[in-house]
Amino acid sequence: MLCERVGEKMNRMKKTRLIVANWKMNPVTFTEAKKIVEATKRAASRARGVSVVVCPPAIYLAALRKGSRAMAFGVQDIGAHEAGAFTGEISAEMARNSGATVAIVGHSERRRLGESNAVVAKKVAAALAAKLTPILCIGENIRDAGGDYLSVVRAQIMEGLAEVSTPLVPKVIIAYEPVWAIGKKAGDAILPADLHEMSIFIKKVIAERIDRAKALNVTILYGGSVEPENAHALLTSGDVDGFLVGHTSLDTTEFPLVIKAAAS
Ligand code: PGA
11 MLCERVGEKM
21 NRMKKTRLIV
31 ANWKMNPVTF
41 TEAKKIVEAT
51 KRAASRARGV
61 SVVVCPPAIY
71 LAALRKGSRA
81 MAFGVQDIGA
91 HEAGAFTGEI
101 SAEMARNSGA
111 TVAIVGHSER
121 RRLGESNAVV
131 AKKVAAALAA
141 KLTPILCIGE
151 NIRDAGGDYL
161 SVVRAQIMEG
171 LAEVSTPLVP
181 KVIIAYEPVW
191 AIGKKAGDAI
201 LPADLHEMSI
211 FIKKVIAERI
221 DRAKALNVTI
231 LYGGSVEPEN
241 AHALLTSGDV
251 DGFLVGHTSL
261 DTTEFPLVIK
271 AAAS
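Residue numbers for the sequence shown follow my numbering, so the first one is 11 and each next one is one higher.
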C-alpha cells in the first residue's frame, strides 16, 4: 500500500524526500540482504517526510518485500520488451508483479555495457506502461571546461524521454549521477553549489517538453558518493528531492544516517 503511494506522494507533496537504495550486484547471500533490509526498515519507519525505496538484486525482491511495509521496492533495470525470447531479461510487468513500484533505468553501469539513449527511452516507456515509476539515470563521464557535458546531459534527458507522452513526463524521476562521482568517498561527490546549477539546468531542459511550472516540480535525485557526511548539505543546498545511493545503502550503520539526514 505504501508502495502504491510513493509515486503519488512524490508528485503531490513535493517536499517529501525520496531516498533510493541501489544495491547493485550485492550482497552475495539472502541472509545478508535480510539484515540490510531490516536496518533500512528501522530507519525508514523513524524518518518523517522521507520515502525509502530499496532496489535489491531482482532475485531477492519478492522475499524481501514480505513484512517491509515501511518501504517500497524497486528493480535496478528492466528489459525494453514486454515478453519473449530475451534470455536473462526481466520485464517491467514481471517486476511490478513481484512487488516493485519503481525501476531504475539507464544507470551508467548499464550504459557502459552499451545501452544507448534509444534503448533507455524504450525502458522508460516500458516502465510507465507497467505502472512502474521510472528513475531515469543521467550524468556525464567527465566535466570539461568548455561545458560540453551539458549537451551530454541534455541529450540523455531529451532522448531518454523521447517515448514518453507529455502528460506522463512528470511521472519520470530524474537521477543525476555524474559518473566521475560514483563509487568514491563523500569528498569526491559533487559540490552542493554545482549540484544546484545542474538541477536548474535539468529543469530547464525538461521545460522544453512540458510547461515550466510542471518542469519545476519534477523529482530530481542526486547519486554519486552520498554518505552521511555530505547528505545534509547536498539536500539543502543542492536543490534536489533526494538521493540514489549505491555503496552506502549496503552499510547498516551509515545508510540509516543518510535517511535520518533527509528527515524533516
Ligand atoms: P555510489 O553509487 O553511491 O556508490 O557512488 C551510486 C550509484 O551508482 O547509483
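Backbone N, C-alpha and C fix where the C-beta goes; we use that ideal spot for every residue, glycine too. Values in this document were obtained by computation on a predicted structure and should not be read as measured data.
Check, Outcome
"Where does Ile-69 land, buried or exposed, given buried means 16+ other C-beta within 10 angstroms?", "exposed"
"Taking the alpha carbon of Cys-147 as the reference point, which residue from Thr-41, Ile-192, Asp-158 has its own alpha carbon closest?", "Ile-192"
"I'd like to confirm something about Ile-192: is its beta-carbon nearer than 7 Å to some heavy atom of the ligand PGA, or not?", "yes"
"For Lys-19, which residues from the same chain have a beta carbon less than 7 Å from its beta carbon, with the 5 sequence-adjacent residues on both sides left out?", "Annotation note: pLDDT 47 at Lys-19 (below 50); position unreliable, no value reported."
"Taking only heavy atoms of the ligand PGA into account, decide whether any of them is closer than 7 Å to the Cβ of Gly-256.", "yes"
"Alpha carbon to alpha carbon, how far is Ser-55 from Asp-158?", "42 Å"
"Would you call Cys-13 buried or exposed, if buried means 16 or more other Cβ atoms sit within 10 Å of its Cβ?", "Low local confidence applies: a pLDDT of 46 at Cys-13 is under 50, so the model's placement there is unreliable, with the coordinate-based value given in what follows. Cys-13 is buried by the Cβ-count criterion."
"Below 8 Å, how does it come out for the stretch 236-249 and the stretch 186-204: are there three or more Cβ pairs, yes or no?", "yes"
"Using beta-carbon positions only, say whether Ile-220 and Ala-53 come within less than 8 Å of one another.", "no"
"Would you call the CB atoms of Val-250 and Leu-231 closer than 8 Å?", "yes"
"Taking its Cβ as the centre, do 16 or more other Cβ atoms sit within 10 Å of Met-35, making it buried, or is it exposed?", "exposed"
"So Gly-84 packs on Ala-49, CB below 8 Å; how close in whole Å?", "About 18 Å; that fails the 8 Å criterion."
"State the Cα-Cα distance for the pair Glu-207 and Leu-160, rounded to the nearest angstrom.", "11 Å"
"Tell me which same chain residues have a C-beta within less than 7 Å of the C-beta of Thr-258, skipping the five on either side of it?", "Val-236, Glu-237, Glu-264, Phe-265, Val-268"
"Under 7 Å from any heavy atom of the ligand PGA, does the C-beta of Glu-187 make it?", "yes"
"Which same chain residues end up closer than 8 Å to Leu-244 when comparing Cβ atoms and leaving out the 5 residues on each side of it in sequence?", "Ala-199, Ile-200, Pro-202, Leu-205, Tyr-232, Val-236, Val-250, Phe-253"
"Just curious, the beta strand (DSSP E) that Leu-254 is in, first and last residue?", "252-255"
"According to DSSP, which residues form a beta bridge with Val-112?", "Gly-84, Thr-143"
"I need the DSSP call for Glu-264, collapsed to helix, strand or coil.", "helix"
"When the Cβ atoms of the stretch 70-90 are set against those of the stretch 101-109, are three or more pairs found closer than 8 Å?", "yes"
"DSSP three-state call for Ala-273: helix, strand or coil?", "coil"
"DSSP on Ile-167, reduced to helix/strand/coil?", "helix"
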